[in-house]
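Taking it in order: structure first as structure tokens, then the write-up.
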Amino acid sequence: GNSVTQMEGPVTLSEEAFLTINCTYTATGYPSLFWYVQYPGEGLQLLLKATKADDKGSNKGFEATYRKETTSFHLEKGSVQVSDSAVYFCALSAAFGNEKLTFGTGTRLTIIP
Amino acid sequence: GAGVSQSPSNKVTEKGKDVELRCDPISGHTALYWYRQSLGQGLEFLIYFQGNSAPDKSGLPSDRFSAERTGGSVSTLTIQRTQQEDSAVYLCASSSYTSGQETQYFGPGTRLLVL
Chain A
92 GNSVTQMEGP VTLSEEAFLT INCTYTATGY PSLFWYVQYP GEGLQLLLKA TKADDKGSNK
152 GFEATYRKET TSFHLEKGSV QVSDSAVYFC ALSAAFGNEK LTFGTGTRLT IIP
Chain B
62 GAGVSQSPSN KVTEKGKDVE LRCDPISGHT ALYWYRQSLG QGLEFLIYFQ GNSAPDKSGL
122 PSDRFSAERT GGSVSTLTIQ RTQQEDSAVY LCASSSYTSG QETQYFGPGT RLLVL
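Chains as they are written, first to last, in my numbering: chain A, 92 to 204; chain B, 62 to 176.
Next comes the structure, spelled out in structure tokens:
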């Protein structure tokens with residue numbers, strides 16, 4: 092079955108540091124890949140997505156590239172801010188048909204000023 | 062426009078009681094999903110509705126869990142004879158499913174506590 096393995100947290104960084112949160116997946120076919128974010132006290136919201144190999148998703152300064160050869164979708168940001176403190180979830184959905192999401196365990200990110 | 066709404070936002074119940082959780086998807090969205098977020102299990106899929114097709118119930122953890130979607134819109138998740146391990150945040154999401162790979166929009170969740 093499908094699965095997502097995500098970097099264990101928590102992760103604590105100083106403001107303006109470079110961020111990488113690793114995500115690898117196991118799936119049949121060509122899944123779509125997502126990063127969702129959950130800010131404190133808020134609901135889950137889509138951060139970025141990529142639907143085919145070599146696509147790069149980007150939003151709010153975050154980027155992730157769909158790497159089929161390494162089955163990875165690592166999240167990166169060049170300079171994090173305190174407002175980026177949140178829990179980040181990597182997820183995938185099947186290529187077609189039922190698009191239920193399979194999530195990683197989540198990574199709690201804390202940015203200190 | 063309005064997003065996905067869920068009610069109640071919080072529910073405290075006693076072990077053995079039944080509970081109903083409601084989800085109002087974004088208007089026009091044909092696909093509706095229920096997920097559960099708990100400390101021990103993370104975020105896990107429960108059930109999926111798409112149009113008039115038979116729902117995918119493959120994620121329901123036991124036969125105490127059921128869900129229905131009336132008129133292709135509002136959905137109700139019912140948990141019978143609740144157990145303490147049912148305590149979690151229950152999330153609903155919807156998507157438009159026009160061309161596949163559509164973004165799922167999540168509601169704020171219902172936090173369920175079983176005493």
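The beta-carbon is built from N, C-alpha and C at its ideal position, and this holds for glycine as well.
This structure is a prediction, so every number in the text was calculated from the model and none was measured.
>> Closer than 8 Å is the cut-off here; do at least three beta carbon pairs connect the stretch 136-146 of chain B with the stretch 104-112 of chain A?
In response: no
- Task: Below 8 Å on the Cβ atoms is my guess for lysine 168 of chain A versus glycine 152 of chain A; work out the distance and round it to an integer in Å.
- Result: 5 Å
Same chain, Cβ closer than 8 Å to lysine 72 of chain B, five either side skipped, listed in chain order | Val80, Leu82, Thr171, Arg172, Leu173, Leu174
- Would you mind giving the Cβ-Cβ distance between leucine 152 of chain B and glutamine 111 of chain B, rounded to the nearest angstrom? I have them listed as a contact below 8 Å. 18 Å between Cβ atoms; not a contact.
Check: How should alanine 232 of chain A be labelled, buried or exposed, when 16 other C-beta atoms within 10 angstroms of its C-beta is the threshold for buried?
Finding: The question about residue 232 of chain A has no answer, for chain A in this structure spans 92 to 204.
Locate the beta strand (DSSP E) running through glutamine 111 of chain B, then write down its first and last residues. 103-111
Note to self: Per DSSP, what are the beta-bridge partners of isoleucine 112 of chain A in this structure?
What the structure shows: A:Leu166
Q: Quick one: residues in its chain with C-beta nearer than 6 Å to the C-beta of glycine 100 of chain A, no 5 flanking neighbours on either side, listed in chain order?
A: Thr198, Arg199
TODO: Please report how far the alpha carbon of glutamine 67 of chain B lies from the alpha carbon of alanine 118 of chain A, in whole angstroms.
DONE: 31 Å
* Measure the alpha-carbon distance for histidine 165 of chain A versus glycine 77 of chain B and round it to whole angstroms. => 43 Å
Kindly say whether leucine 135 of chain A, judged by its beta-carbon, lies nearer than 7 Å to any beta-carbon of chain B.
yes
Exercise for the section: Hey, could you find the ends of the beta strand (DSSP E) leucine 174 of chain B is sitting in? Expected result: 171-175
Is serine 127 of chain B helix, strand or coil by DSSP? strand
* Asked: Considering threonine 137 of chain B, what are the terminal residues of the beta strand (DSSP E) in which it resides?
  -> 136-140
Taking C-beta pairs closer than 7 Å, name the residues in chain B that phenylalanine 180 of chain A reaches, listed in chain order.
-> Leu104
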